[in-house]
Amino acid sequence: MPDEPTAIDPGRWAARLAELAGRHGVPGAQFGVLRLAPDGREEAFTVAHGVLDTDTGHPVTARSAFQIGSITKLWTAAVVMGLVEEGLLTVDTPVAEVLPEAVPSDGATTAGVTVRHLLTHTSGIEGDLFTDTGRGDDAVEKYTALLAGAARIHPLGATFSYCNSGFVLLGRIIERLTGRVWDEAMRERLFVPLGLERTGTLPEEALLNDPAVGHVTGLPEPVRAPRWGLPRSVAPAGGVTADMGDLLRFAAAHLRGGTTADGTRLLSPDTVRAMTEPQVRLPDVRTLGEAWGLGWILYDWDGHRVVGHDGNTVGQSAFLRLLPGSGLAVGLLTNGGRTRDLYQDLYGEVFDALAGVRVPGPVEPPAEPSRTDVSAHTGVYENAAERLEVLAGPDGPVLRTTALGPLAELDPEPFQELPLAAVAPGVYAVRPQGARTWTPVTFYRLETGEEYVHHAGRALPRVASPAE
Numbered sequence: 001m002p003d004e005p006t007a008i009d010p011g012r013w014a015a016r017l018a019e020l021a022g023r024h025g026v027p028g029a030q031f032g033v034l035r036l037a038p039d040g041r042e043e044a045f046t047v048a049h050g051v052l053d054t055d056t057g058h059p060v061t062a063r064s065a066f067q068i069g070s071i072t073k074l075w076t077a078a079v080v081m082g083l084v085e086e087g088l089l090t091v092d093t094p095v096a097e098v099l100p101e102a103v104p105s106d107g108a109t110t111a112g113v114t115v116r117h118l119l120t121h122t123s124g125i126e127g128d129l130f131t132d133t134g135r136g137d138d139a140v141e142k143y144t145a146l147l148a149g150a151a152r153i154h155p156l157g158a159t160f161s162y163c164n165s166g167f168v169l170l171g172r173i174i175e176r177l178t179g180r181v182w183d184e185a186m187r188e189r190l191f192v193p194l195g196l197e198r199t200g201t202l203p204e205e206a207l208l209n210d211p212a213v214g215h216v217t218g219l220p221e222p223v224r225a226p227r228w229g230l231p232r233s234v235a236p237a238g239g240v241t242a243d244m245g246d247l248l249r250f251a252a253a254h255l256r257g258g259t260t261a262d263g264t265r266l267l268s269p270d271t272v273r274a275m276t277e278p279q280v281r282l283p284d285v286r287t288l289g290e291a292w293g294l295g296w297i298l299y300d301w302d303g304h305r306v307v308g309h310d311g312n313t314v315g316q317s318a319f320l321r322l323l324p325g326s327g328l329a330v331g332l333l334t335n336g337g338r339t340r341d342l343y344q345d346l347y348g349e350v351f352d353a354l355a356g357v358r359v360p361g362p363v364e365p366p367a368e369p370s371r372t373d374v375s376a377h378t379g380v381y382e383n384a385a386e387r388l389e390v391l392a393g394p395d396g397p398v399l400r401t402t403a404l405g406p407l408a409e410l411d412p413e414p415f416q417e418l419p420l421a422a423v424a425p426g427v428y429a430v431r432p433q434g435a436r437t438w439t440p441v442t443f444y445r446l447e448t449g450e451e452y453v454h455h456a457g458r459a460l461p462r463v464a465s466p467a468e
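Position 430 of the sequence shown, counting from 1, maps to 430 under full-length UniProt numbering, and the rest follow consecutively.
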């Protein structure tokens, strides 16, 4: 790493954003970098590219609001950890102690689940339930009442499976302990202390902040998203909208050890540190990261500890990475196209230029593909949002994917059949049509013998073999 930090040149990154967004069919984007010096001085910039909506052609500015998707989970986790500091609960408090109505019996899916299970996605609760319970202030309350009867996709604490519904439960815990709906609690405990000016949780707030519209297909033939955002019922898992400046202000508070720019303390340094300590290692270390903390994803980049989170809603994708050792935070907000490819190219350049850190490349099958025997893994794997069928096709193994649930109708390609390329024992990769980046598909067994596939961060149990 260089002794002296490399100067930040916004013009350079504006040009790179424009070139790479064009290459990857991204209609509009914001890209921002913040760096804190050891003496507390701050450098930050945001650059914008493209249009907010391909129908209107309205340009993206540095102050346009995007949906940050699941980066919202970091904001919800920060408020939960503030409640822990106040002594209102601990990370090992059972959900039943705070929300007894959500755990009506020992047989409920939520039985035995603790706050830690929710923060680390290890509860086993079916994670992709996007039930719309209305737009009222009771939307989160109504949603959590449904979870006791939801499916449990793995035994409690047995593995990691990305769980949106668990963060809605955390949102309801915030509501119960603060006496405020989640939206109000976030404003009072996070948005206002941070001085966020263009952040909100409701569509009517986004309307005041020049909002982006998602595109389920990017350039050159864009297709606008059929709806603007997610239901209010799942807002604690993905409902925040913000511009890049506000996203970086949130990140900076974590780089400062829990304080805002004016010195207001949101969290203690010990709590900030605890949130980024490994809690569970992921079965698939090639997709989201190597491990999970209390809300944060943990990465090992070139021997450096990096933390962050991604977010995906209806046609919008967001990326946030922090390099605490260098006081560096980098964000990317987009509204469609091959966003993962844009992220890979742009972050690879900026972290190398500003910190001398190499961003690991995506998974790649070997140049000479092998015809491996996939028979041990053939069958059907399923959760509420997706069905995966592993087939031994005449030209090699195939993964057939079918989107399920309420969001399936929003997917322009709800059904795909993709070749499976072998990467390592039990690890394959697929590449959706038009994409450059491969997606890992990892097969594994729990200690108790149940068979799973890990795909897109989710653990899908094997529900049928070929003979069935």
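Beta carbons are placed, not taken as given, at the ideal position from N, Cα and C, and that holds for glycine.
(request) Just the C-alpha distance for V103 and P278, rounded to the nearest angstrom, thanks. (result) 28 angstroms
(message) What does the alpha-carbon distance come out to for the pair G366 and W292?
(response) Residue 366 is actually Pro in this sequence, not Gly. Whole-angstrom Cα-Cα distance: 28 angstroms.
(message) On the DSSP letters alone, give me the boundaries of the alpha helix (DSSP H) that L248 sits inside.
(response) For L248, the uninterrupted alpha helix (DSSP H) segment begins and ends at M244 to L255.
(request) Determine the DSSP secondary structure at R198, reduced to helix, strand or coil. (result) Reduced to three states, the DSSP call for R198 is coil.
(request) Following the continuous alpha helix (DSSP H) through D210, name the residue where it begins and the one where it ends. (result) Neither: D210 is in no alpha helix (DSSP H) and is coded neither H nor E.
(request) Would you kindly work out how many angstroms separate the C-alpha atoms of V453 and E197, rounded to a whole number? (result) 42 angstroms
(message) Contact between the region 90-104 and the region 342-362 is defined here as three or more beta-carbon pairs at a separation below 8 angstroms; is this criterion met?
(response) Segments in contact, no.
(request) Measuring alpha carbon to alpha carbon, tell me which of H215, G327 and V423 ends up nearest V307. (result) G327
(message) Please report the distance separating the alpha-carbon of E389 from that of H24.
(response) Whole-angstrom Cα-Cα distance: 29 angstroms.
(request) Note down the Cα distance separating P5 from L354, rounded to an integer number of angstroms. (result) 7 angstroms
(request) Using only alpha-carbon positions, find the residue among V181, Y381, D310 and W438 that is nearest to H154. (result) Of all alpha-carbon atoms in V181, Y381, D310 and W438, the one lying nearest the alpha-carbon of H154 is that of Y381.
(message) Once the 5 residues before and after P10 are set aside, which same chain residues still bring their CB inside 7 angstroms of it?
(response) F45 and V47
(message) I'd like to check one pair, S165 with A148: are the Cβ atoms closer than 8 angstroms?
(response) no
(message) Distance check for G263 and P440, CA to CA, integer angstroms please.
(response) 43 angstroms
(message) So for H58, helix, strand or coil by DSSP?
(response) coil
(request) Would you mind giving the Cβ-Cβ distance between V181 and D137, rounded to the nearest angstrom? I have them listed as a contact below 8 angstroms. (result) About 5 angstroms; that satisfies the 8 angstroms criterion.
(request) In the DSSP assignment, find the unbroken beta strand (DSSP E) run with L298 in it and report its ends. (result) I297 to W301
(message) At the level of alpha carbons, what is the spacing between P226 and G218?
(response) 14 angstroms
(request) Would you identify the three-state DSSP class for F66, choosing helix, strand or coil? (result) strand
(request) Can you grab the Cα-Cα spacing for the pair G426 / E386, in whole Å? (result) Taking the Cα positions, G426 is about 20 angstroms away from E386.
(message) Rounded to the nearest angstrom, what separates V374 and A421 at their Cα positions?
(response) 10 angstroms
(message) Quick check on the DSSP output: the alpha helix (DSSP H) that includes E85 runs from which residue to which?
(response) E85: member of the alpha helix (DSSP H) spanning T72 to E85, first to last residue.
(message) Please report the straight-line C-alpha distance between R256 and L74, rounded to a whole angstrom.
(response) 16 angstroms
(message) Counting C-beta neighbours from all protein chains within 10 Å, is the total for A318 16 or more, i.e. buried, or is it exposed?
(response) buried
(request) Please list, in chain order, all residues of the same chain as H254 whose beta carbon is under 7 angstroms from its beta carbon, the five residues on each side excluded. (result) V272 and L322
(message) Going by DSSP in three states, W438 sits in which element: helix, strand or coil?
(response) coil
(request) Measure the beta-carbon distance from A252 to L34 and round it to whole angstroms, keeping in mind my assumption that it falls under 8 angstroms. (result) About 6 angstroms; that satisfies the 8 angstroms criterion.
(request) Tell me where the beta strand (DSSP E) around G393 begins and ends. (result) E386 to G393
(request) Apply the 10 Å Cβ neighbour rule to A206 and answer buried if 16 or more other Cβ atoms are within range, or exposed otherwise. (result) buried
(message) Going by beta-carbon coordinates alone, are D302 and R63 separated by less than 8 angstroms?
(response) no
(message) I need the DSSP call for P155, collapsed to helix, strand or coil.
(response) coil
(request) Mark T144 as exposed unless 16 or more other C-beta atoms lie within 10 angstroms of its C-beta, in which case mark it buried. (result) buried
(request) Kindly list the residues whose CB is nearer than 6 angstroms to the CB of I68, restricted to its own chain and excluding five residues on each side of it in sequence; keep chain order. (result) V240, A242, G311 and A318
(message) Here's the rule: buried if 16 or more other CB atoms are within 10 angstroms of the residue's CB, otherwise exposed. What is A78?
(response) Per the 10 Å Cβ criterion, buried.
(message) To the nearest angstrom, how far is the alpha carbon of A467 from that of R224?
(response) In this prediction, A467 has a pLDDT of 48, which is less than 50 and means its spatial position is unreliable; what the coordinates show is noted afterwards. Linking A467 to R224 through their CA atoms gives a straight-line distance of about 42 angstroms.
(message) Is it buried or exposed, R462, if we count other Cβ atoms within 10 angstroms and call 16 or more buried?
(response) buried
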